[in-house]
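In the numbering used here, the protein residues as written are 21 to 104.
Next up, the structure:
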């Protein structure tokens, strides 16, 4: 993935792409710290993402898009406290 992104988007595009993936990954880590019962799910997803590093089909992979969606849901999962 890294070589493909570097050749397709250049240095600036690669930095933007990598920083967005790290942003999503950190959101998932924060959710795992709150609820350790999802740790096996997180481990399986991490292995699948690592397998995508060696594949050129990451854009059409359901695992990649699931990672994006799950990372966004972790980032925007705000526990709002309503005062009545």
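From the three backbone atoms N, C-alpha and C, an ideal C-beta is built for every residue, glycine too.
### Query
Just reading off the alpha helix (DSSP H) that residue 57 is part of, what are its end residues?
No alpha helix (DSSP H) contains residue 57, which DSSP labels as neither H nor E.
### Same chain only: Cβ atoms within 6 Å of residue 102, ignoring 5 sequence neighbours per side
Residue placement at residue 102 cannot be trusted, given a pLDDT of 41 that sits under 50; what the coordinates show is reported in the next sentence. Once the five neighbours on either side are set aside, residue 102 has no close Cβ partner at all.
### Message
Which same chain residues end up closer than 7 Å to residue 47 when comparing Cβ atoms and leaving out the 5 residues on each side of it in sequence?
### Response
91, 94 and 95
### Message
With a threshold of 8 Å on Cβ separation, who are the neighbours of residue 73 within its own chain once the five nearest residues in sequence on each side are excluded?
### Response
21 and 22
### Query
Can you give the Cα-Cα distance for residue 37 and residue 25, rounded to whole angstroms?
8 Å
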